[in-house]
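J.: Pasting a structure here, questions to come.
Protein chains: 2
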Amino acid sequence: MLTIALAKGALLKDSVRCFAAAGIDFSALLDKGNRQLMVPSPCGRARALLVRNGDVPVYVSYGQAQLGVVGYDVLQEHQLPVAQLLDLGFGGCRMSVAVKASSPYRRAADLPAHCRIASKFTRCAERFFDGLDLPVELIHLTGSVELGPITGMSEAIVDLVATGRTLAENGLVAIEDLFHSTARLVGNPLALRLDQGDMQQLVKELAAAAQPIEVA
Amino acid sequence: MLTIALAKGALLKDSVRCFAAAGIDFSALLDKGNRQLMVPSPCGRARALLVRNGDVPVYVSYGQAQLGVVGYDVLQEHQLPVAQLLDLGFGGCRMSVAVKASSPYRRAADLPAHCRIASKFTRCAERFFDGLDLPVELIHLTGSVELGPITGMSEAIVDLVATGRTLAENGLVAIEDLFHSTARLVGNPLALRLDQGDMQQLVKELAAAAQPIEVA
Numbered sequence: 001m002l003t004i005a006l007a008k009g010a011l012l013k014d015s016v017r018c019f020a021a022a023g024i025d026f027s028a029l030l031d032k033g034n035r036q037l038m039v040p041s042p043c044g045r046a047r048a049l050l051v052r053n054g055d056v057p058v059y060v061s062y063g064q065a066q067l068g069v070v071g072y073d074v075l076q077e078h079q080l081p082v083a084q085l086l087d088l089g090f091g092g093c094r095m096s097v098a099v100k101a102s103s104p105y106r107r108a109a110d111l112p113a114h115c116r117i118a119s120k121f122t123r124c125a126e127r128f129f130d131g132l133d134l135p136v137e138l139i140h141l142t143g144s145v146e147l148g149p150i151t152g153m154s155e156a157i158v159d160l161v162a163t164g165r166t167l168a169e170n171g172l173v174a175i176e177d178l179f180h181s182t183a184r185l186v187g188n189p190l191a192l193r194l195d196q197g198d199m200q201q202l203v204k205e206l207a208a209a210a211q212p213i214e215v216a
Numbered sequence: 001m002l003t004i005a006l007a008k009g010a011l012l013k014d015s016v017r018c019f020a021a022a023g024i025d026f027s028a029l030l031d032k033g034n035r036q037l038m039v040p041s042p043c044g045r046a047r048a049l050l051v052r053n054g055d056v057p058v059y060v061s062y063g064q065a066q067l068g069v070v071g072y073d074v075l076q077e078h079q080l081p082v083a084q085l086l087d088l089g090f091g092g093c094r095m096s097v098a099v100k101a102s103s104p105y106r107r108a109a110d111l112p113a114h115c116r117i118a119s120k121f122t123r124c125a126e127r128f129f130d131g132l133d134l135p136v137e138l139i140h141l142t143g144s145v146e147l148g149p150i151t152g153m154s155e156a157i158v159d160l161v162a163t164g165r166t167l168a169e170n171g172l173v174a175i176e177d178l179f180h181s182t183a184r185l186v187g188n189p190l191a192l193r194l195d196q197g198d199m200q201q202l203v204k205e206l207a208a209a210a211q212p213i214e215v216a
């Protein structure tokens, strides 16, 4: 039986829809009363492992799950050894640099050298500012990153932006994008190599059902 | 006006009670409809900054909050430069090593060398196993750490245990404690040095009201 790591939260509903289209029913995960973290599909072909977004590549890279669905942002931040198989298309958002709307900065390169940047994604931010050759001080936060500029702790933030509502509510504005993120189907490299056809078949079904874009 | 960083979640109710006893009313934070992250007390002496548990020492160490309330576990994990002022006594729990109840391990030293340990607190775990001179492979997870042994990814976990209910529900048992944790009042070292009496006064009132144990 295949084990598939699915992320709790924003991606779950579309992940379940995606697997349903490939004939695997994980709708029990959407039941609000559900407290189980391992849920088999009624057809017996697969079971879901319900974990935090950031933990999906961990379970897949250690082989506890053969497949997983996770945001490209998480893959960029954690850089774990998993194979990217499909761009599933849903969960679209941007990783952006944002500043106070009242600030004079209109591009990331306008930010002063050695300024402070608050983020949950400090590795993504580090690579981006390294690429600009702009030295910055990164402050790792685990939530409510918009408080960085509001409290004056940081000049800017690097964070995921979907609708932009949270930024606007906090008087912030996105000035530059690091990358666009969508949900990805990832696989354990060794499991893919040892696959007797089950995984390949499911990947094909998901590709056909969800009409996603193949990752080059 | 003093800014006080308070942790969302389990410690919030007792934190509010603690400040109420010292004459500062942050009860608006407990209102379920509250979406504000900065809430001034009606008396005008202080304002609360509502942040994630792990972010409290960040805001205090950068001076965006002069005082903060946070679990000793977070202070042990992040080791940021904040002054520990008071043990507030509430939020008691243990940082423990836990294994499958069916496993043969009854002390941490029984675990095999190079076994895998899953934890949200990998720095605490690293120091502990270094102290035992037992080499282990640490796996950082962000939630549902009990899935580590259940899926076979890790032999043991290091996690916070309050009632032990989550462990028992997942067939796990705590075999050794790293330390006991309670909520602590922390302060920004520079703010404490420059204090004109406001902070000192509030710390004294909190000490008298909550009858906590002074940290040596």
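Protein sequences appear in the order of chains A and B. Under the numbering used here, the first residue of the first sequence carries the number 1, and numbering increases by one thereafter. Under the numbering used here, the first residue of the second sequence carries the number 1, and numbering increases by one thereafter. The beta-carbon is built from N, C-alpha and C at its ideal position, and this holds for glycine as well.
(1) What three-state label does DSSP hand residue 216 of chain B in the structure shown?
(2) Give the secondary structure of residue 204 of chain A by DSSP, where H, G and I count as helix, E and B as strand, and everything else as coil.
(3) Cα-Cα, which of B/127, B/40, B/29 and B/69 is closest to residue 203 of chain B?
(4) Step through the CB atoms of chain B and report whether any lies within less than 7 Å of the CB of residue 168 of chain A.
(5) Can you list, in chain order, the residues of its chain whose CB lies under 8 Å from that of residue 102 of chain B, leaving out five sequence neighbours each side?
(6) Quick one: grab the DSSP three-state call for residue 134 of chain B.
(7) Please classify residue 84 of chain B: does DSSP put it in a helix, a strand, or coil?
(8) For residue 177 of chain B, list the residues DSSP reports as bridge partners.
(9) Keeping to the same chain, check which residues put their C-beta closer than 6 Å to that of residue 7 of chain B; ignore five residues upstream and five downstream.
(10) Which residue comes first and which comes last in the beta strand (DSSP E) that contains residue 118 of chain A?
(11) Run down chain A in chain order and give the residues with a C-beta less than 8 Å from the C-beta of residue 52 of chain B.
(12) Alpha carbon to alpha carbon, what distance is there between residue 161 of chain B and residue 164 of chain A?
(13) Residue 34 of chain B to residue 27 of chain B, Cα distance in whole Å?
(14) Would you be able to state if there are at least three C-beta pairs under 8 Å between the stretch 110 to 118 of chain B and the stretch 68 to 87 of chain B?
(15) Can you name the residues that DSSP bridges to residue 39 of chain B?
(16) Where residue 121 of chain A and residue 159 of chain A are concerned, what is the direct C-alpha to C-alpha distance, given to the nearest angstrom?
(17) Under three-state DSSP, which class holds residue 7 of chain B?
(18) Assuming contact is defined by CB atoms lying nearer than 7 Å, are residue 175 of chain B and residue 106 of chain B in contact in what I supplied?
(19) I want to verify the contact list: residues of chain A whose CB lies under 9 Å from the CB of residue 49 of chain B, in sequence order.
(20) Within 7 Å of any Cβ in chain A, is that where the Cβ of residue 198 of chain B sits?
(21) Do you know how far the Cα of residue 76 of chain A is from the Cα of residue 83 of chain A?
(22) CB residue 51 of chain B to CB residue 144 of chain A, shorter than 7 Å?
(23) Count the other CB atoms, across all protein chains shown, that sit within 10 Å of the CB of residue 79 of chain B; report buried if there are 16 or more and exposed otherwise.
(24) For residue 58 of chain B, which residues in chain A fall below 7 Å Cβ to Cβ?
(25) Please report whether the beta-carbon of residue 64 of chain A lies at a distance below 7 Å from any beta-carbon of chain B.
(26) Within the 7 Å Cβ cut-off, does residue 73 of chain A reach chain B?
(27) Would you say residue 216 of chain B reaches chain A, if we count a Cβ-Cβ gap shorter than 7 Å as a contact?
(28) In chain order, what residues of the same chain lie with their CB nearer than 7 Å to the CB of residue 196 of chain A, ignoring the 5 residues before and after it?
(29) Please return the same chain residues whose Cβ sits closer than 7 Å to the Cβ of residue 88 of chain B, not counting the five positions on each side in sequence.
(30) I believe residue 272 of chain B touches residue 22 of chain B by the beta-carbon criterion, under 8 Å. Please report the beta-carbon distance rounded to the nearest angstrom.
(31) Applying the 10 Å Cβ sphere with the 16-neighbour rule, what's the burial state of residue 179 of chain B?
(32) The alpha helix (DSSP H) that contains residue 156 of chain A, what's its start and end?
(33) Give the single residue among A/168, A/65, A/46 and A/104 whose Cα lies nearest to the Cα of residue 152 of chain B.
(34) Taking residue 55 of chain A as the query, report the chain B residues whose CB atoms sit under 7 Å from its CB, ordered along the chain.
(35) On the premise that residue 47 of chain B lies in contact with residue 39 of chain B, defined as a C-beta separation below 8 Å, what is that separation, rounded to the nearest angstrom?
(36) So which residues of chain A does residue 37 of chain B contact, with C-beta pairs closer than 7 Å?
T.: Taking the definition as stated:
(1) For the purposes of this step, residue 216 of chain B is taken as residue 216 along the second sequence, with counting starting at 1. The predicted model places residue 216 of chain B with a pLDDT of 47, which falls under 50 and marks its position as unreliable, so this point remains unresolved.
(2) Working through the first sequence from its first residue, we reach residue 204 of chain A at position 204. In the three-state scheme derived from DSSP, where H, G and I count as helix and E and B as strand, residue 204 of chain A is classed as helix.
(3) The count along the second sequence starts at 1 and reaches residue 203 of chain B at position 203. It is B/69 whose Cα lies nearest to the Cα of residue 203 of chain B.
(4) In the first sequence, counting from the first residue as 1, residue 168 of chain A sits at position 168. False, the Cβ-Cβ gap to chain B never drops below 7 Å.
(5) Locating residue 102 of chain B in the second sequence gives position 102, where the first residue counts as 1. The answer, listed in chain order, is 171.
(6) Taking the first residue of the second sequence as position 1, residue 134 of chain B is located at position 134. Per DSSP, reduced to three states, the secondary structure at residue 134 of chain B is coil, with no helix or strand assignment.
(7) Walking along the second sequence from the start, residue 84 of chain B turns up at place 84. If DSSP states are grouped into helix, strand and coil, residue 84 of chain B belongs with the strands.
(8) As a working mapping, residue 177 of chain B is identified with position 177 in the second sequence. DSSP links residue 177 of chain B through a beta bridge to B/96.
(9) As a first step, residue 7 of chain B must be located in the second sequence, where it is residue number 7. Excluding residues within five positions, the ones whose Cβ falls inside 6 Å are 53, 56 and 70.
(10) In the first sequence, counting from the first residue as 1, residue 118 of chain A sits at position 118. That run of the beta strand (DSSP E) goes 116 to 119.
(11) By 1-based counting over the second sequence, the position of residue 52 of chain B is 52. Ordered by position in chain A, the residues that pass the 8 Å Cβ test against residue 52 of chain B are 141, 142, 143 and 144.
(12) Counting from 1 along the first sequence, the entry for residue 164 of chain A is found at position 164. Counting from 1 along the second sequence, the entry for residue 161 of chain B is found at position 161. Between the C-alpha atoms of residue 164 of chain A and residue 161 of chain B there is a straight-line separation of about 38 Å.
(13) Your numbering for residue 34 of chain B matches position 34 in the second sequence. Your numbering for residue 27 of chain B matches position 27 in the second sequence. As the crow flies, the alpha-carbon of residue 34 of chain B is around 10 Å from that of residue 27 of chain B.
(14) Segment contact: the stretch 68 to 87 of chain B against the stretch 110 to 118 of chain B, fewer than three CB-CB distances shorter than 8 Å; contact not assigned.
(15) One-based indexing of the second sequence puts residue 39 of chain B at position 39. B/48.
(16) On the first sequence, residue 121 of chain A is found 121 positions in, with the first residue counted as 1. On the first sequence, residue 159 of chain A is found 159 positions in, with the first residue counted as 1. One C-alpha to the other measures close to 7 Å.
(17) Looking up residue 7 of chain B in the second sequence gives position 7. In the structure shown, residue 7 of chain B falls within a strand segment according to DSSP collapsed to helix, strand and coil.
(18) To locate residue 175 of chain B, count along the second sequence from 1; it is residue 175. To locate residue 106 of chain B, count along the second sequence from 1; it is residue 106. For residue 175 of chain B and residue 106 of chain B, yes; Cβs fall inside 7 Å.
(19) Here residue 49 of chain B corresponds to residue number 49 of the second sequence, with the count starting at 1. Under the 9 Å cutoff, chain A gives 147 and 151.
(20) As a first step, residue 198 of chain B is located in the second sequence; it is residue number 198 there, counting from the start. Not an interface residue.
(21) The residue labelled residue 83 of chain A in the question sits at position 83 within the first sequence. The residue labelled residue 76 of chain A in the question sits at position 76 within the first sequence. Residue 83 of chain A and residue 76 of chain A: Cα-Cα distance of roughly 13 Å.
(22) The residue given as residue 51 of chain B occupies position 51 in the second sequence. The residue given as residue 144 of chain A occupies position 144 in the first sequence. In this structure, residue 51 of chain B places its C-beta atom within 7 Å of the C-beta atom of residue 144 of chain A.
(23) Translated into positions along the second sequence, residue 79 of chain B becomes position 79. The residue in question, residue 79 of chain B, is exposed, as its Cβ has fewer than 16 Cβ neighbours within 10 Å.
(24) Start at 1 with the first residue of the second sequence, and residue 58 of chain B comes out as number 58. Result: 139 and 141.
(25) Looking up residue 64 of chain A in the first sequence gives position 64. Yes, residue 64 of chain A lies at the interface with chain B (some Cβ there is under 7 Å from its Cβ).
(26) For the purposes of this step, residue 73 of chain A is identified with residue 73 of the first sequence, where counting begins at 1. Closer than 7 Å: no.
(27) Mapped onto the second sequence, residue 216 of chain B falls at position 216. In this prediction, residue 216 of chain B has a pLDDT of 47, which is less than 50 and means its spatial position is unreliable; what the coordinates show is noted afterwards. It does not: the Cβ of residue 216 of chain B has no partner Cβ on chain A nearer than 7 Å.
(28) What you label residue 196 of chain A is simply residue 196 of the first sequence in a count that begins at 1. Once the five neighbours on either side are set aside, residue 196 of chain A has no close Cβ partner at all.
(29) The residue you call residue 88 of chain B lines up with position 88 of the second sequence. Only 18, 69, 182, 183, 184, 185, 210 and 212 meet the Cβ criterion.
(30) Because chain B in this structure spans residues 1 to 216, residue 272 of chain B falls outside the shown range and cannot be described.
(31) Locating residue 179 of chain B in the second sequence gives position 179, counting from the first residue. Looking at its Cβ environment, which holds fewer than 16 other Cβ atoms inside 10 Å, residue 179 of chain B is exposed.
(32) For the purposes of this step, residue 156 of chain A is identified with residue 156 of the first sequence, where counting begins at 1. Where residue 156 of chain A is concerned, there is no enclosing alpha helix (DSSP H), although the beta strand (DSSP E) it sits in stretches over 156 to 161.
(33) By one-based count along the second sequence, residue 152 of chain B stands at place 152. From the listed residues A/168, A/65, A/46 and A/104, the smallest Cα separation to residue 152 of chain B is found for A/65.
(34) Position 55 of the first sequence, counted from the first residue, corresponds to residue 55 of chain A. Those within 7 Å of residue 55 of chain A in chain B are 141, 142 and 143.
(35) On the second sequence, residue 39 of chain B is found 39 positions in, with the first residue counted as 1. On the second sequence, residue 47 of chain B is found 47 positions in, with the first residue counted as 1. 6 Å between Cβ atoms; contact.
(36) As a position in the second sequence, residue 37 of chain B is number 37, starting the count at 1. Near residue 37 of chain B (Cβ distances below 7 Å), the residues of chain A are 144 and 147.
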